[in-house]
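Shown next, in structure tokens, is the structure this report addresses.
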Amino acid sequence: EREPRTILVGDSQGWQAGTNYTQWAIQNSPFHINDTLVFKYPGNSTTLAQSVYLLPNQWSYITCEFRGAKLLGNATEGDGEGFKVELNQLTPYYFASAEGNFYDCIAGLSKFIAVPSTSSGSS
Amino acid sequence: MYGGDEVSAIVVDLGSHTCKAGYAGEDAPKAVFPSVVGAIDQMDVDEADNGENNSASAPESNNNVRNADSDKTKGKRKLYVGSQSLGYRRDHMEVLSPFKDGIVADWDIVDSIWDHAFRECLLIDPKEHPMLLAEPSSNSQQQRERTAELMFEKYKAPALFLAKNAVLTSFASGRATSLVVDGGGGSITVAPVHDGYVLQKAVATSPIGGEFLTDCLMKSLESKGITIKPRYSFRRKEIRPGEFQTVDLEFPNTTESYKLYCQRVIASDIKECVCRAPDTPYDESAYSNIPMTSYELPDGQTIEIGADRFKIPDVLFNPSLVQSIPGTESFAEIAPSVRGLPQMVIESINKCDVDIRRELFSSILLAGGTASMQQLKERLEKDLLEESPQAARVKVLASGNATERRFSVWIGGSILASLGSFQQMWFSKSEYEEHGASYIQRKCP
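Protein sequence lines, in the order shown, are assigned to chains A and B. So the first sequence is residues 19 to 141, counted in our numbering. So the second sequence is residues 54 to 498, counted in our numbering.
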């Protein structure tokens, strides 16, 4: 039995619009059940405010359709220790940011999928 | 998770009639060839193929890059794949389909078709390209796992994704929710897509596809004394400048299935040239005096086609019409259970949640070669307006471009696999090795 990890999304860059989290997720996978993802973003910044959404399904993820999306962390919750999400379901998590331009999202930026695994594969 | 370098994915749509294959990101498949193969049982014949002295060139578009025949020995069978190979008559060659009732029944044939697509048409090494494969809307988990095993174990594909035909068509049109009417060669499928997922309980299928219509046309012409000569069975000799004489050739060892295949190719072309859906239900007396249309057969014989131009397509809307075509007695057994297209659409939508029915009625998408028939869109829209609930706003949509309609499944796959965001959706080889083939259900919902 391995210890659950706490993973900072985007590493030192944190969570911000226009960043390629698809690539980040590929490099940081696999995720495991009960891992915790930390979304860190400044709450009172002069730059674009951030948020964390959970999209309902694969289609919404691919097409960047936010209808039916669930707001997990609002603009002020990413400050300090950051906003934490525990991956406690064996189901794909479709994370996305609603900020930034639409093309970023369609092109694979500002979003990623985490599919928690139960196996003890290499991390 | 697959994190490979920028290399184009391969998109393959193995339909019941044709296989479409090409590179993701392009607007049309590079290769389109028959989904049936020639097969010679090696125990029945000598190694040297006797009697191969004539070739029937199939009018089907031939996108094969190389000229070499595709010879693949599978155990005790030799398989011939592709338009060129099938266009060459061989003694004792049967024509076989990998599908039975829409489900893969012969994986060796599927394997040989994929191999032909990769190595002879696209000229690629499959271990260098992620593979996106289109699959029937009601594909089973067992079929999916078998697909994954073949792709990862035999072809060493670095990554794989399976996407349902209806979802890909919906995607190609930019819609998350639609009712996809896919008229293929082997069947017509009506599948509701809601937020990118097929609603399985409402999927409807009819065995009346393009090939069935072609067979109806052939039988109707035969009942009028018109014989379609396979291209291999004659040679045209110029006896005087501009004047030709047809010489019949005898090939007694030709199989019935190959003869039928060659006749179907010609009948299919007749169908595509002259048939169109009638504005209203076909009526024998009303159509008995319409002007004839001429069609020149490959052997030089000119035939006249009249009422069949409208009667054959109307079978899609009124399947009981089949019983008035001589030679279709075998259809009588299943005829009572086969519904026409408008009925299939309405029954499918009525099995969906009440809340989305209105949206489905207003986003009916036509896809596939058979759905590209002239005037089919107009007729379907008209019938649905008459038969659907008052509140529904019926809208039947079809790409203005016939090529896009015919290849909409493949095009949807091409768009999907070329999206940057798609790159973390792949079912990677390492995930297959770690979790096994059953993981495909998690990765490709």
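The beta-carbon is built from N, C-alpha and C at its ideal position, and this holds for glycine as well.
Requested in this report: Please check the pair GLY466 of chain B and LEU221 of chain B, which I expect to be a contact at CB under 8 Å, by giving their CB distance rounded to whole angstroms.
Outcome: 5 Å
Query raised in the report: Name the chain B residues whose beta carbon is nearer than 8 Å to that of TYR79 of chain A?
Result: SER474
**Report entry** CB contact flag (TYR348 of chain B, CYS315 of chain B, <8 Å)
**Finding:** Not closer than 8 Å, so no.
Query raised in the report: Between the stretch 98 to 112 of chain A and the stretch 38 to 58 of chain A, are three or more C-beta pairs nearer than 8 Å?
Result: yes
Requested in this report: Decide if GLN195 of chain B is buried, meaning its Cβ has at least 16 other Cβ atoms within 10 Å, or exposed.
Outcome: exposed
Query raised in the report: Around the C-beta of LEU394 of chain B, are 16 or more other C-beta atoms found within 10 angstroms, so that it is buried, or is it exposed?
Result: buried
**Report entry** Buried or exposed (CB count within 10 angstroms, at least 16 for buried), TYR112 of chain A
**Finding:** With 16 or more other CB atoms across the displayed protein chains lying within 10 angstroms of its CB, TYR112 of chain A is buried.
Requested in this report: Label ILE343 of chain B either buried or exposed according to how many other C-beta atoms from any shown protein chain fall within 10 Å of its C-beta, with 16 as the threshold for buried.
Outcome: exposed
Query raised in the report: Excluding sequence positions up to five away, which residues of its chain have a Cβ less than 7 Å from the Cβ of PHE499 of chain B?
Result: In the structure as shown, chain B begins at 54 and stops at 498. Residue 499 of chain B is therefore absent and cannot be evaluated.
Query - Short-range partners of chain B found in the stretch 20 to 31 of chain A, where Cβ spacing is below 9 Å - result: none
Requested in this report: Inspect the beta-carbon positions of ARG289 of chain B and THR299 of chain B and report whether they are closer than 8 Å.
Outcome: yes
Query raised in the report: Which residues mark the beginning and the end of the alpha helix (DSSP H) in which CYS328 of chain B is found?
Result: Neither: CYS328 of chain B is in no alpha helix (DSSP H) and is coded neither H nor E.
Requested in this report: Could you tell me the distance, in whole angstroms, from the CA atom of CYS497 of chain B to the CA atom of GLU188 of chain B?
Outcome: 11 Å
Report task. Could you spell out where the alpha helix (DSSP H) holding GLU188 of chain B opens and where it closes? Result -> First-last for GLU188 of chain B: 184 to 188, but that is the beta strand (DSSP E), not the alpha helix (DSSP H).
Query raised in the report: If you measure beta-carbon to beta-carbon, which residues of the stretch 96 to 124 of chain A are closer than 9 Å to chain B?
Result: LEU108, THR109, PRO110, CYS123 and ILE124
Query raised in the report: Just how far apart, CA to CA, sit ALA125 of chain A and PHE460 of chain B?
Result: Taken atom to atom, the span from the alpha-carbon of ALA125 of chain A to that of PHE460 of chain B is near 24 Å.
Query raised in the report: What residue range is occupied by the uninterrupted alpha helix (DSSP H) comprising LYS496 of chain B?
Result: 493 to 496
Report task. Using DSSP bridges, identify the partner residues of TYR250 of chain B. Result -> B:HIS247
Report task. Assign TYR121 of chain A to buried or exposed, taking buried as 16 or more other Cβ atoms, counted over all protein chains shown, within 10 Å of its Cβ. Result -> Under this definition TYR121 of chain A is an exposed residue.
Query raised in the report: Can you find a CB in chain A that lies within less than 8 Å of the CB of ALA229 of chain B?
Result: yes
Query raised in the report: What residue from B:SER61, B:GLN137, B:LYS129 and B:GLY295 has the CA that sits closest to VAL85 of chain B's CA?
Result: B:GLN137
**Report entry** Residues within the stretch 225 to 257 of chain B neighbouring chain A, beta-carbon criterion of under 7 Å
**Finding:** Answer set for the stretch 225 to 257 of chain B: ALA229, ASP248, GLY249 and TYR250.
Query raised in the report: TYR111 of chain A lies in the beta strand (DSSP E); which residues open and close that run?
Result: 111 to 114
Requested in this report: Give the DSSP bridge partners of GLY91 of chain B, in chain order.
Outcome: B:TYR133 and B:VAL148
Query raised in the report: GLN17 of chain B CB to nearest chain A CB: under 8 Å?
Result: Here chain B covers residues 54 to 498 and nothing more, so residue 17 of chain B does not appear.
Query raised in the report: How many angstroms separate the CA atom of THR94 of chain A from the CA atom of VAL70 of chain A?
Result: 11 Å
Query raised in the report: For the candidate residues B:ALA81, B:SER240, B:ALA201 and B:SER373, whose alpha-carbon lies nearest to that of PHE152 of chain B?
Result: Taking only the C-alpha atoms, the option nearest PHE152 of chain B is B:SER240.
Query raised in the report: If you run the structure through DSSP and keep just helix, strand and coil, what is LEU450 of chain B?
Result: strand
Query raised in the report: Within 10 angstroms of its Cβ, does PRO245 of chain B collect 16 or more other Cβ (buried), or is it exposed?
Result: Result: buried.
Report task. Between the Cα of MET146 of chain B and those of B:VAL60, B:LEU274, B:LYS435 and B:PRO305, spot the shortest distance and give me the residue it belongs to. Result -> B:PRO305
Query raised in the report: Mind pulling the chain B residues with CB within less than 7 Å of LYS129 of chain A?
Result: SER474
Query - Limits of the alpha helix (DSSP H) - the one that SER467 of chain B falls within - result: 461 to 471
Query raised in the report: Which of the three DSSP states, helix, strand or coil, is assigned to LYS83 of chain B?
Result: coil
Query - Listed by chain order, chain B residues near THR40 of chain A by CB distance under 7 Å - result: GLY473, SER474, GLN476 and GLN477
Requested in this report: With DSSP collapsed to three states, give me the class of GLY263 of chain B.
Outcome: helix
Query raised in the report: Are LEU73 of chain A and ALA35 of chain A touching if we call contact CB-CB under 8 Å?
Result: By the CB criterion at 8 Å, LEU73 of chain A and ALA35 of chain A fall outside the cutoff.
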